[in-house]
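One structure is given below, encoded as structure tokens.
Protein chains: 4
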Amino acid sequence: MPPSVSEKYKEEKKRNIINSALICFAEKGFETATIDDIVVHSGFSKGTIYNYFSSKDEIYLEVLHTATKNDIDVITNKFSVLRTALSKINYLFDLYLNIDLNNQKRLGFTVVFYEFTLHCTREKKLLELLTKRRNFFIHLISEAIKEGQASGEFNKNIQADTYSHLFWTIIDGINLQVVYKGFPYYDVLREMKEAYIEKLKN
Amino acid sequence: MPPSVSEKYKEEKKRNIINSALICFAEKGFETATIDDIVVHSGFSKGTIYNYFSSKDEIYLEVLHTATKNDIDVITNKFSVLRTALSKINYLFDLYLNIDLNNQKRLGFTVVFYEFTLHCTREKKLLELLTKRRNFFIHLISEAIKEGQASGEFNKNIQADTYSHLFWTIIDGINLQVVYKGFPYYDVLREMKEAYIEKLKN
Amino acid sequence: MPPSVSEKYKEEKKRNIINSALICFAEKGFETATIDDIVVHSGFSKGTIYNYFSSKDEIYLEVLHTATKNDIDVITNKFSVLRTALSKINYLFDLYLNIDLNNQKRLGFTVVFYEFTLHCTREKKLLELLTKRRNFFIHLISEAIKEGQASGEFNKNIQADTYSHLFWTIIDGINLQVVYKGFPYYDVLREMKEAYIEKLKN
Amino acid sequence: MPPSVSEKYKEEKKRNIINSALICFAEKGFETATIDDIVVHSGFSKGTIYNYFSSKDEIYLEVLHTATKNDIDVITNKFSVLRTALSKINYLFDLYLNIDLNNQKRLGFTVVFYEFTLHCTREKKLLELLTKRRNFFIHLISEAIKEGQASGEFNKNIQADTYSHLFWTIIDGINLQVVYKGFPYYDVLREMKEAYIEKLKN
DNA sequence: CATGAATGAGATTTCATTCAT
DNA sequence: TATGAATGAAATCTCATTCAT
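Sequence order for the protein chains is Y, X, V and D.
Numbering-wise (my numbering), the first sequence opens with residue 1 and increments by one.
Numbering-wise (my numbering), the second sequence opens with residue 1001 and increments by one.
Numbering-wise (my numbering), the third sequence opens with residue 2001 and increments by one.
Numbering-wise (my numbering), the fourth sequence opens with residue 3001 and increments by one.
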């Protein structure tokens, strides 16, 4: 007996639900957003949503997972075509320098993502997941730095790992400032980028 | 005729409730922690808690307010005795370099504080409150930098405001990393401090 | 694809809840009767009740509204077939003369209705609602009296409006007496009807 | 050991509390008004109030009792000096014809009184109390009517009892209309008085 | 598979009453 | 006697989840 609906159809539906959920979570926060909010936003029935996800928690997880997977794919692809270490670091900084601060959806997602990050503090299982993701990103940069050191682009004395952590610390810090109206986002980030790269090169 | 109870007694009680609340919020998050949790932790009855605070929201606000007021007092006092701009910047960095990462209560509070920050995104009124607080801290450093520039300690070409924002961006970024076990907190922060001060001095 | 449930089913359910609520309110009064009382009496769960009504206040309002709508429909229909003004006045009096004083449900409703009337004193919005309803009933009779005056049935010198108010004053007065055991309801009302009609005819 | 505070002092205090309670009940209704409302309005402490009354219910009862006792005293005194039956009936009607409709306190009390009347429906004990009070008033008028019949002032064929009940039915009816703005109170009551006395005289 | 009515545990908040001072 | 802080039972309302259709 073949499945009555195609896999593609189901994937599409799941993606729609996840999309709506992200928007609802962004708007109200995970706790405050209700399944009914997702029902209204997505147009699917409550029953349908529970056919695709077993709980609100699972939806949350998949929302975050999806977004993360996206980022990873984009960055991985880009890195595979960038030839120099410096261009990779530049690319990552520019990713954040090119952000449209007025994009409400992006802002919403940023808030949700950091809320989730903090929430993970309280659940071992989630924290592991989050840490794994983070490790990937740490690895990404420390490898790039090491490449740069090997190729002579970067100063051999800096700690690749420390500077990788440092990079993401900067990014988390700058992302958080979206909550403050009037924060000179681009000025600050440009200054940081410059100092960071200067340090790498020596 | 008023047997009543001293103002001090009431202040003390309020502080006790706030303390318990902070711990409960740190443990479970604002939404997930319940008044009953605070009841259990504080040992006071539900009625008593509502005699001192009119709602869970108010407790939350006072928890944050209390902690913030503390910080402001400590820093303001210290600044008034520090003579050079550099010593002020150094002092602030050292505040964070001397943190005990194993202090669970501190960690809990950090999480609560950033959750609150993100939560403010969704309530105009709260955001104003938060922004006011942030402006105080921004002002604190930009003034110090300007002092340093006037006294010849610091490079006159750097934007005091941008570098003040930059400072708190670093601090927010580094604070957020507490969620990740194994994050080389001191290494990263020391590196940042060094680079930051180098930039100031030129 | 909508398995849903017929509109009729939902209307029926609403009516059931309203019915139970009326009985609970009649038994204990609006403030004293609880949602749990309605849960027990109706057999529906709390959640179900809140699926059909958004608050206890709304239930109260709908209970009153339903009862009132009924009365209006019955009287309006009857009036449309009664040819003389006198027969209309007679009909209304007889409505109250034919009441079964032992009908506990009716008695309960009377009490609830007058409690609601008094309660309205304290809420502008509700008072407007109540006044609108009352105006309809006032109009009903003053029109009938004017008809009677035009047709020569009634004395042209009496104030239609005053006598319409007077009619409902009598009815409210007599309804209130249900609280007193042993009140000679029929005797008093018959006497009043006689005097009233005598006055109309002159 | 003599009482440390005079009886008079205590009576005075009780009266003050009752006064405040009446005003609070009138403003918000018995259920909705809180002991704290009475505390604020009276200026006495919660403890003090509970020293004089054992419960909120008891306050309610005494509020009503006090008001009623007042009415009875006033009417009894007046009746003892009025010589004709007609003058007594006239006096009672005029009591209500001379009311100041704009007196908010009176209006509030009227509402509270009728709420209490309806509330009594649900408690046998209270109903007995209320009925006893009502019987006094019924007796008052039926005796007056009988006097009038004996003296030749009134028609001997009317039922004294029925007409006594009828009188209070009118009064209850007219009192209830205070809720409706624009009700032609004086017109309606004057009309009723005239018809009533006409009937008595024949 | 889709639906949405039904459920009920659990959350916040109120308030009459008590009692130590 | 006077006080008002403390109490906790009880009320309203929410919402994730289930399941018959």
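Glycine is no exception: its CB is placed at the ideal position from the N, C-alpha and C atoms.
Return the chain-ordered list of same chain residues with a C-beta closer than 7 Å to the C-beta of residue i, the five sequence neighbours on each side being excluded.
| i | result |
| --- | --- |
| Ser-2971/D | With chain D represented from 3001 up to 3202, any question about residue 2971/D goes unanswered, as that position is not in the structure. |
| Val-111/Y | Ala-26 |
| Lys-46/Y | Ile-35, Val-39 |
| Phe-2154/V | Ala-2085, Ile-2145, Gly-2148, Leu-2200, Lys-2201 |
| Thr-68/Y | Arg-133 |
| Tyr-1091/X | Lys-1078, Leu-1082 |
| Met-3192/D | Ile-3170 |
| Lys-2013/V | Tyr-2052 |
| Lys-88/Y | Phe-79, Leu-82, Ala-144 |
| Gly-3029/D | Glu-3115 |
For residue i, does the count of other Cβ atoms within 10 angstroms reach 16, so buried, or fall short, so exposed?
| i | result |
| --- | --- |
| Thr-1117/X | buried |
| Val-1081/X | exposed |
| Glu-3194/D | exposed |
| Glu-2058/V | exposed |
| Gly-2173/V | buried |
| Thr-3121/D | buried |
| Tyr-3060/D | buried |
| Lys-1010/X | exposed |
| Arg-3015/D | exposed |
| Glu-3115/D | buried |
| Lys-3105/D | exposed |
| Val-2063/V | buried |
| Lys-125/Y | exposed |
| His-119/Y | buried |
| Asn-2103/V | exposed |
| Lys-3008/D | exposed |
| Gly-3182/D | exposed |
| Gly-2152/V | exposed |
Leaving out the 5 sequence neighbours to the left and right, which residues in its chain are closer than 6 Å to residue i when beta-carbon positions are compared?
| i | result |
| --- | --- |
| Ala-2033/V | Cys-2024, Phe-2025 |
| Ala-3160/D | Ser-3142, Ile-3145, Lys-3146 |
| Met-1/Y | With a pLDDT of only 45 at Met-1/Y, under the threshold of 50, the placement of this residue in the model should not be trusted; the figure read from the coordinates follows. Excluding residues within five positions, none has a Cβ falling inside 6 Å. |
| Thr-66/Y | Ile-18 |
| Phe-93/Y | Lys-193 |
| Lys-3156/D | Gln-3149 |
Tell me which residues share the same chain as residue i and place their Cβ nearer than 8 Å to its Cβ, disregarding the 5 neighbours each side in the sequence.
| i | result |
| --- | --- |
| Leu-3101/D | Leu-3107, Val-3178, Tyr-3185 |
| Ile-2049/V | Ile-2017, Ile-2035, Ile-2038, Val-2039, Ser-2042, Ile-2059 |
| Phe-2109/V | Leu-2022, Ala-2026, Ala-2067 |
Between residue i and residue j, how many whole angstroms is the CB-CB distance? I'm expecting something under 8 Å.
| i | j | result |
| --- | --- | --- |
| Leu-97/Y | Leu-189/Y | 6 Å |
| Asp-1187/X | Thr-162/Y | 5 Å |
| Ser-2164/V | Ile-2138/V | 5 Å |
| Phe-2113/V | Ile-2072/V | Not confirmed; about 14 Å, so no contact. |
| Leu-2129/V | Leu-3176/D | The Cβ separation is near 17 Å, so there is no contact. |
| Ile-75/Y | Leu-140/Y | 7 Å |
| Glu-31/Y | Glu-1123/X | Between Glu-1123/X and Glu-31/Y the Cβ distance is about 14 Å, and since that is not below 8 Å, they are no contact. |
Item to check | Segment contact flag, the stretch 144-151 of chain Y with the stretch 1168-1176 of chain X, C-beta cutoff 8 Å, min 3 pairs | outcome: Too few Cβ pairs lie closer than 8 Å, so no.
Next on the checklist: Taking 8 Å as the cut-off, does the stretch 3042-3055 of chain D touch the stretch 3007-3021 of chain D (at least 3 CB pairs, one atom from each stretch)?
Outcome noted: Because the criterion of three Cβ pairs below 8 Å is met, the stretch 3007-3021 of chain D and the stretch 3042-3055 of chain D touch.
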